[in-house]
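Numbering (the numbering used here), first residue to last: 33 to 664. For reference, the structure discussed in these notes is given below.
If you want it as structure tokens, here you go:
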């Protein structure tokens with residue numbers, strides 16, 4: 033079912049990153065400054081080098097050297113060998129020829145036994161590849177080369193599992209010579225428990241935000257999604273349960289989406305806007321008060337949607353606290369409210385209008401005995417005029433954006449004629465197959481991960497520099513666009529890279545509590561009628577300083593028993609092997625020859641008694657580098 037490009041290893045070209053790969057001057061200077069500051073602080077606190085002029089010069093010099101290759105111009109080299117910076121043009125030509133041969137061989141194979149296993153999926157990947165290549169040809173650009181194994185494994189782990197690979201996972205994958213190992217890895221990741229955790233985190237955040245709104249049970253929402261993704265329930269069934277949910281927030285976790293949108297008495301306005309945006313890819317909130325000035329949405333359509341949610345109500349239960357003898361919050365529940373007839377709304381002219389429950393021109397019985405939410409749930413999963421339901425298109429578009437950084441429309445939740453898709457044939461084909469598969473989420477992810485575009489390098493070439501969506505251009509997917517880690521990805525990756533949850537006496541339960549505390553530091557809530565929330569996890573100086581000096585980072589570079597550094601430094605092997613392990617654990621790649629020489633010089637500049645601290649500083653620099661915090 034998969035494209036041959038999923039199994040190709042190529043050698044990366046040696047050139048400076050461009051375009052999106054560049055980090056702005058402010059961030060680069062800030063990175064150097066804060067590393068110097070921390071190094072100086074360690075010296076003054078006797079945690080780092082001896083208080084000598086030579087020790088200070090060596091320490092700061094090393095950080096300045098690392099600031100550019102490791103942090104400033106990311107990624108450096110992803111060839112996976114120490115000699116990566118000496119790859120010649122002859123070797124590149126040989127690798128390219130080998131890659132072309134592999135494409136042909138695997139294409140031939142995929143048309144045989146592999147195609148017979150999943151013919152529809154296989155042909156779908158080929159169609160996607162063909163349509164995206166056509167976009168390259170029409171825009172006269174050449175795609176970036178295939179990502180190396182080191183770059184690709186880190187990417188797919190972050191996208192599917194929400195974390196980087198462990199040292200052992202990265203080493204095992206790179207050493208595997210099976211030409212179809214990438215396909216096999218995607219299949220195995222989809223059965224990993226971290227896949228369930230990652231999707232649960234993503235969709236809990238989508239539905240209720242990263243915080244916990246009043247009278248909302250985050251554990252209840254997480255439990256609902258965890259069970260749904262663990263069983264690979266059809267996406268349409270998940271959405272139906274969310275839209276029609278009733279009951280207590282701790283017994284039926286699906287109702288927490290509704291409760292999160294009922295933070296104020298607004299007759300279901302927030303619930304209407306959130307439901308259409310998240311599950312149908314339609315932004316209708318602007319038409320609450322007037323017709324949309326730029327697209328086809330009219331004011332009456334908002335209130336027609338809203339009519340479906342007028343039978344929703346909630347009850348906030350309280351109980352007596354036996355210790356304080358005061359009434360305290362107990363639980364909330366979503367209940368059915370008796371409502372029939374039309375919804376009345378006012379136009380700007382002051383004229384009152386009526387709206388009946390109607391979905392895309394399809395009306396339902398307006399009587400009070402009709403459960404309008406159940407009727408809406410039936411309508412959104414039915415094809416209309418031969419087209420795939422919007423619920424399928426919206427999920428495909430959002431999931432593609434999850435893996436590529438950009439969807440087929442911009443923004444990803446504003447689909448329609450006013451916002452044409454960059455690749456309408458691709459969106460239509462994937463959506464149709466998604467519907468035909470029974471809304472199988474794993475099959476959708478498997479298809480995306482096996483496309484040619486997903487296996488391209490993040491390096492910008494001279495022939496595709498114009499493919500720059502961050503500058504407002506239409507995405508052509510001729511390379512993998514850089515995207516910053518989500519805060520949850522960063523936290524979980526730090527845990528994996530450093531065994532921080534095993535260091536000292538800290539257990540997994542304590543780390544989960546710390547994870548919630550970590551997330552709260554980045555949340556900014558907006559008190560408005562749309563219940564919006566945002567994060568400041570965007571590379572600001574306060575955020576960077578918080579991360580570098582947080583208890584989690586201290587635990588990550590700990591040399592306590594059980595930590596990664598403790599296990600690595602006490603493992604048999606020479607110094608070079610230990611340095612390589614630090615790089616692979618943090619960046620999923622081996623150091624280049626130049627990096628290795630700089631690190632050796634840095635370590636050799638310390639007395640043997642201070643080498644543990646030197647290793648801590650090295651690992652700290654890697655974990656705080658831009659190469660670590662970006663998905664590439």
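Built from N, CA and C at the ideal position, the CB exists for glycine as well.
Nearest-angstrom Cβ-Cβ length linking residue i and residue j, presumed shorter than 8 Å
i, j, result
"residue 426", "residue 279", "Contact flag wrong, Cβ pair sits at about 26 Å."
"residue 341", "residue 405", "7 Å"
"residue 434", "residue 191", "7 Å"
"residue 402", "residue 480", "So it is not a contact: roughly 39 Å between Cβ atoms."
"residue 669", "residue 607", "This structure cannot speak to residue 669, because the chain is shown only from 33 to 664."
"residue 281", "residue 248", "7 Å"
CA-to-CA distance, residue j to residue i, given in whole angstroms
i, j, result
"residue 650", "residue 490", "25 Å"
"residue 397", "residue 287", "24 Å"
"residue 611", "residue 628", "8 Å"
"residue 203", "residue 476", "28 Å"
"residue 382", "residue 310", "31 Å"
"residue 245", "residue 292", "6 Å"
"residue 277", "residue 302", "16 Å"
"residue 304", "residue 372", "17 Å"
"residue 590", "residue 648", "7 Å"
"residue 438", "residue 361", "41 Å"
"residue 588", "residue 526", "7 Å"
"residue 663", "residue 409", "36 Å"
"residue 250", "residue 400", "32 Å"
"residue 643", "residue 659", "24 Å"
"residue 157", "residue 391", "33 Å"
"residue 170", "residue 498", "13 Å"
"residue 239", "residue 265", "17 Å"
"residue 482", "residue 283", "38 Å"
"residue 163", "residue 214", "22 Å"
"residue 167", "residue 242", "37 Å"
"residue 596", "residue 308", "46 Å"
"residue 461", "residue 637", "59 Å"
"residue 222", "residue 500", "30 Å"
"residue 600", "residue 270", "44 Å"
"residue 226", "residue 189", "10 Å"
"residue 445", "residue 205", "36 Å"
Same chain, Cβ closer than 8 Å to residue i, neighbours up to 5 away in sequence not counted
i, result
"residue 176", "488, 489, 490, 491, 492, 493, 496, 510, 511, 512"
"residue 598", "535, 590, 591, 592"
"residue 232", "254, 257, 258, 261"
"residue 374", "339, 386, 387, 388, 398"
Segment limits, beta strand (DSSP E) that includes residue i
i, result
"residue 258", "No beta strand (DSSP E) holds residue 258; the alpha helix (DSSP H) holding it covers 250-262."
"residue 365", "358-368"
"residue 228", "Unbroken run through residue 228 is the alpha helix (DSSP H), 225-240; no beta strand (DSSP E)."
"residue 352", "344-353"
Spatial neighbours of residue i in its chain, beta-carbon cut-off 6 Å, leaving aside the 5 residues before and after
i, result
"residue 440", "429, 453, 454, 455, 459"
"residue 345", "367, 369"
"residue 235", "257"
"residue 294", "346"
"residue 274", "286, 289"
"residue 656", "580"
"residue 349", "362, 363"
"residue 351", "362"
"residue 652", "589"
"residue 467", "420, 424"
"residue 654", "618"
"residue 377", "335, 385"
N-terminal and C-terminal residue of the alpha helix (DSSP H) that residue i is part of
i, result
"residue 272", "267-276"
"residue 668", "Residue 668 cannot be examined here, being either before or after the span of the chain that is shown, 33 to 664."
"residue 308", "301-312"
"residue 291", "287-292"
"residue 205", "199-207"
"residue 220", "213-221"
"residue 453", "Careful: residue 453 lies outside any alpha helix (DSSP H) and carries neither H nor E."
"residue 339", "331-339"
Neighbourhood of residue i by C-beta, 7 Å cutoff - its chain only, sequence neighbours within 5 removed
i, result
"residue 268", "413, 423, 471"
"residue 463", "420, 424, 425, 428"
"residue 447", "313, 314, 425, 426, 429, 441"
"residue 332", "385, 387"
"residue 524", "194, 195"
"residue 620", "182, 185, 186, 196, 197, 202"
"residue 661", "516, 517, 522"
Inset, instruction - List in chain order: all unbroken alpha helix (DSSP H) runs of 4+ residues lying wholly within the stretch 373-443. - result: 404-412, 422-436
Legend entry - Contained alpha helix (DSSP H) runs [length at least 4] in the stretch 470-544, N- to C-terminal order: 473-481, 519-530
Inset, instruction - Can you check the stretch 586-658 for any alpha helix (DSSP H) of at least 4 residues that lies completely inside it and give the ranges in chain order? - result: 596-601, 607-619, 625-636, 643-655
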